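Heads up, the thing below is written out as structure tokens.
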Amino acid sequence: MTGSVLVGRAPSPGDISTGYDAVVVGSGAGGLTAAVCLARQGRRVAVFEQHFTAGGYTHAYRRPGWEWDVGIHAGGEVFVRTPVARIELDGARASGVVLADGTQVRAPVVVSAAGAQNTFGTLLDDGDGERSAVMRRGFPFVLLFLGLDGDPVEPGLPRHNLMVTDGDCDAFFDGTGVRTSGLFLSFSCAKDPTWTAQHPGRSTGEILAYVQPELFEPFQGSRWRRRDPAYLALTAELTAELLDQLHRHLPRTRGRVAYHELGTPLTAEHFAGWPGGSLYGLAKDVAAFRDGRRPGTADWLRPRTGIDGLYLAGQDCLAGGFLGAVTGGLLAAHEALD
């Protein structure tokens with residue numbers, strides 16, 4: 036396969052200006068949405084991303100001979116391999132960011148799409164860090180990337196997403212059930228009318244499943260691609276379980292899986308920076324959204340924060356999932372332009 040699926044560019048000396056109308060921390064769906072909305076209103080915007088490609092959980096992904104397009108793309112001033120160390124304050128107002136290499140970037144508008152716990156607990160020395168720290172994180176996940184022989188129609192890949200529930204979901208989320216729960220199967224190749232012409236004889240897809248948070252805790256602190264043998268054994272077990280489920284629900288895929296690779300909560304934490312590898316950021320539960328008798332623990336999280344000039348985008352300020360992240364980014368831009 037030719038070409039590149041990487042989005043954004045690592046800055047060369049002199050590329051980053053000392054000042055913008057707005058800076059965005061994180062390039063997931065929420066951050067990029069906010070950036071696009073602000074740019075379309077004539078604001079000069081810079082997006083800073085720690086990963087080597089933009090997109091967060093929605094970036095395109097490639098291995099030799101295979102490509103998974105799991106999300107959205109963006110152009111413009113998107114700087115990758117450029118982590119933000121902290122958000123700068125001028126008194127009680129956000130005034131820009133300091134990058135990990137010490138570069139100061141001034142801006143009257145700072146949009147953080149790095150999640151509430153990263154924003155208030157790491158990027159800011161702020162009392163709200165304690166409030167976000169006590170909030171429960173959402174459940175982590177594993178994601179199996181699949182490469183299959185044959186055009187999408189041959190293994191019978193559906194154009195719609197498949198949501199599969201299994202067993203007692205409440206028991207899983209209460210911590211008393213099995214180690215994985217539910218399945219989300221998606222095959223973007225089957226939805227793309229140009230796929231077969233570009234990738235004849237090949238198909239790709241993803242299978243996502245929740246996992247218990249403690250499952251990967253013994254391997255915290257290990258390095259990507261240098262994991263413990265016990266970690267590799269665990270990922271092999273989970274891969275086999277997910278492949279069994281794939282063949283059960285889509286029997287024509289049997290014998291056609293030519294490539295597979297499993298992403299884990301540690302993978303997500305390494306690349307996306309989400310504490311614990313949470314899929315949907317902070318937990319979206321009754322405690323967060325109130326139960327009718329007492330305020331929710333997330334009531335204070337809004338696109339417009341208590342700090343002038345600082346806005347939250349993404350899943351933590353509204354709702355989980357792609358649409359929640361995008362809407363959060365839209366609302367952050369709206370508040371910043373108000």
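If you count the sequence shown from 1, you need to add 35 to reach my numbering. All C-beta atoms, glycine included, are put in the ideal place defined by N, C-alpha and C. Here the structure is a predicted model, which means the values were calculated and not measured.
For residue 123, there is no enclosing alpha helix (DSSP H); the residue is found in the beta strand (DSSP E) stretching over 119-125. When secondary structure is reduced to three states using DSSP, residue 343 falls in the strand class. Of all alpha-carbon atoms in 297, 355, 304 and 300, the one lying nearest the alpha-carbon of residue 323 is that of 355.
For the pair residue 363 and residue 353, the CB atoms are nearer than the 7 Å cut-off. In this structure, 279 is the residue among 153, 150, 279 and 263 with its C-alpha nearest to the C-alpha of residue 220. 7 Å or more divides the Cβ of residue 170 from the Cβ of residue 366. The beta-carbon separation of residue 121 and residue 158, rounded to 5 Å, stays under the 8 Å limit for a contact. The continuous beta strand (DSSP E) containing residue 132 extends over residues 128-134.
Rounded to whole angstroms, the separation of the alpha carbons of residue 204 and residue 112 is 43 Å. In its chain, beyond the 5 residues on either side, 179, 242 and 244 have a beta carbon closer than 7 Å to the beta carbon of residue 277.
In its chain, beyond the 5 residues on either side, 45 and 87 have a beta carbon closer than 6 Å to the beta carbon of residue 116. If you draw a straight line from the Cα of residue 262 to the Cα of residue 299, it is about 12 Å long.
Straight across, the Cα-Cα distance linking residue 312 with residue 187 is about 30 Å. C-alpha of residue 70 to C-alpha of residue 76: approximately 10 Å in a straight line.
As far as DSSP is concerned, residue 167 takes part in no beta bridge. Between residue 78 and residue 57, the CB-CB gap stays under 7 Å. The beta carbon of residue 196 is closer than 8 Å to those of 219, 220 and 221 in its chain, skipping five residues each way along the sequence. Counting C-beta pairs with one atom in each stretch, the stretch 340-347 and the stretch 139-159 have three or more that are closer than 8 Å, which means they touch. By the Cβ neighbour-count rule, residue 288 is buried, with 16 or more other Cβ atoms within 10 Å of its own.
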